[in-house]
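4 protein chains.
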Amino acid sequence: MEDIKKVLRKFAEERDWDRYHNPKNLVMALSGEIGELTELFQWLNEDESKVENLSIKNLERVKEEVADIFLYLIRLSDKLNIDLIEVAKKKIDINETKYPVELSKNNAIKYNRRDE
Amino acid sequence: MEDIKKVLRKFAEERDWDRYHNPKNLVMALSGEIGELTELFQWLNEDESKVENLSIKNLERVKEEVADIFLYLIRLSDKLNIDLIEVAKKKIDINETKYPVELSKNNAIKYNRRDE
Amino acid sequence: MEDIKKVLRKFAEERDWDRYHNPKNLVMALSGEIGELTELFQWLNEDESKVENLSIKNLERVKEEVADIFLYLIRLSDKLNIDLIEVAKKKIDINETKYPVELSKNNAIKYNRRDE
Amino acid sequence: MEDIKKVLRKFAEERDWDRYHNPKNLVMALSGEIGELTELFQWLNEDESKVENLSIKNLERVKEEVADIFLYLIRLSDKLNIDLIEVAKKKIDINETKYPVELSKNNAIKYNRRDE
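Residue numbers (the working numbering), protein chains in the order written: chain A, 1 to 116; chain B, 117 to 232; chain C, 233 to 348; chain D, 349 to 464.
Right under this line is the structure:
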């Protein structure tokens, strides 16, 4: 991931694209890519969306969109000095506290809405 | 990243959330998290969005949303048997071909629209 | 809709929010609201998402998010001098040509991919 | 808007697309269209995003995406028995209370965060 970060930096610098890569714009780019991924799944039902039921062609498209999302996420994190692995681990700890096993079983609704 | 993938698997299984985690639903969850990140940047201008200009409080929120996006991206990739690092590298190669340095300089518009 | 447009204009002006309301920012605001709507549906299956199966509480939340999306769409269109009804009608005509009944039956994939 | 709703109903029925049009799927379709709109604005700065600075070609694309969003929003509302005008008016009233002029001046952050 560290390597990819550096490759993306060089990629943007060589093309003079760095000046477009402020966090606001990168968040929008990330959002646009998620939109493209969403389009691939919007008319599939939940079963059809499973990897064993996707066509090879569709899975290829999905992989490309997932890659785009990952690349922009790395680029955004680079610009914000965020260590993705570090914040992910921290968030997992928060989630462990927020969604205790016993209260969360069979229940995907947000923990802070569990009394509703 | 491999570790995080396994922790997330266990996290979902312990809570019986695995049955909600089909790719279609996970794409929506990813999309929802991007929406939360977008809200943090929507009224900031490009300069204000830079890390040196974000308040500590805002940066904390940004980190949490970035983490959520990363976690759902790992989870989705796990369900689709996608190796994030592998597809990212492949996409970088595609981008190198699609956006050659000379044609792309100063030009952030999509390469396939460069004649317009 | 014309009335709502004017009320939103006055609302923004009275709060000095007009300077935040450039199209780029409004697109992000729209995107953030869609994210909130998405979160309400992400763990529901297709049947559960139908109006007759939504809880009253959930439907209330859905209505509020749908309203937010509509309000930002009107505001954005106002800023871009877009007549929503006019462009909608035009797009329907385009869609009639793009997706002829005979070729589109039972087939939700994009018309330009029908040969794949 | 009532007319458009009916045209969209007929459009979907004639193509047997109605069975794809449950609220969950329509929310995803809406989200995908927002993604396409976002892509048109992601590398523009706030000034460039203003209607007087958009190229004719770009404005045409923007209109088409705005139309797509509006059409899916009408279709979704139809499926959820939501009256767009009614919920919009209701939401405006809520916003008037939530963001009083005096407290909101010069301040685009969410009212419930104004003490932070």
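Glycine included, every Cβ here is placed at the ideal spot set by N, Cα and C. Small disclaimer: the values here were computed from a predicted structure and weren't measured.
- The beta carbon of M376(D) falls within 8 Å of a beta carbon belonging to chain B, placing the residue at that interface.
- Each of K98(A), T97(A), R61(A) and V101(A) was checked against the Cα of K206(B), and the nearest Cα belongs to R61(A).
- For E14(A), the nearest beta carbon of chain B is closer than 8 Å to its own beta carbon.
- L73(A) and H137(B) have their C-alpha atoms some 21 Å from each other.
- Scanning chain A for C-beta atoms nearer than 7 Å to the C-beta of N277(C) yields E46, reported in chain order.
- In terms of Cα proximity to I34(A), the closest of V143(B), N211(B), I210(B) and E152(B) is V143(B).
- Chain D has no Cβ within less than 8 Å of the Cβ of S220(B).
- Taking C-beta separations shorter than 6 Å and ignoring five residues to either side along the sequence, the partners of S193(B) in its chain run L200, following chain order.
- At the C-beta level, E181(B) and E152(B) come within 8 Å of one another.
- Taking 8 Å as the threshold, the shortest C-beta distance from I266(C) to chain D falls below it.
- Residues I422 of the same chain have their beta carbon placed closer than 6 Å to that of I352(D), with the five preceding and five following residues left out of the count.
- Residues D250 and H253 of the same chain have their beta carbon placed closer than 7 Å to that of A244(C), with the five preceding and five following residues left out of the count.
- DSSP places E384(D) in the helix class (H, G or I) of the three-state scheme.
- In terms of beta-carbon proximity, S193(B) stays away from the interface with chain D, with every pair separated by 8 Å or more.
- Only exposed fits P100(A), as fewer than 16 other CB atoms lie within 10 angstroms of its CB.
- When DSSP states are grouped into helix, strand and coil, I185(B) belongs to the helix group.
- Distance between S147(B) and W43(A), taken at the CA atoms: about 16 Å.
- In the three-state scheme derived from DSSP, where H, G and I count as helix and E and B as strand, K105(A) is classed as coil.
- At a cut-off of 8 Å between beta carbons, S281(C) makes no contact with chain B.
- The beta carbon of S165(B) sits closer than 7 Å to those of F157, all from its chain and outside the five residues before and after it, given in chain order.
- At least one CB atom of chain C sits nearer than 8 Å to the CB of E155(B).
- With respect to the 8 Å criterion, K57(A) and P23(A) are not classified as neighbours on the basis of their beta carbons.
- For a Cβ distance threshold of 8 Å, residue set Q42 and W43 of chain A lies close to N373(D), ordered along the chain.
- Counting only Cβ-Cβ distances below 7 Å, D416(D) has contacts in chain C at K323, in chain order.
- In the structure shown, E2(A) falls within a helical segment according to DSSP collapsed to helix, strand and coil.
- The contact set of S287(C) on chain B, defined by CB atoms closer than 7 Å, is empty, because the minimum CB distance reaches about 17 Å.
- Contact between K453(D) and R247(C) holds, with the beta-carbon distance rounding to 6 Å and staying under 8 Å.
- Taking 8 Å as the cut-off, the beta carbon of N373(D) is found closer than this to the beta carbon of E278(C).
- Classified as buried, D184(B) has 16 or more neighbouring CB atoms from the shown chains inside 10 Å of its CB.
- Listed along the chain, the chain A residues whose CB falls inside 8 Å of the CB of Y368(D) are W43.
- Nearest CB-CB separation between E180(B) and chain A: below the 8 Å threshold.
- Counting C-beta atoms within 10 angstroms of its own C-beta, K411(D) has 16 or more neighbours from the protein chains shown and is therefore classed as buried.
- Residue environment: I210(B) is assigned as exposed (fewer than 16 neighbouring CB atoms within 10 Å of its CB, all protein chains considered).
- Between the alpha carbons of N53(A) and L59(A) lies a distance of about 9 Å.
- Remark: C-beta atoms of V355(D) and I324(C) approach each other more closely than 8 Å.
- The shortest CA-to-CA distance from A29(A) to any of L71(A), E96(A) and S55(A) is the one to L71(A).
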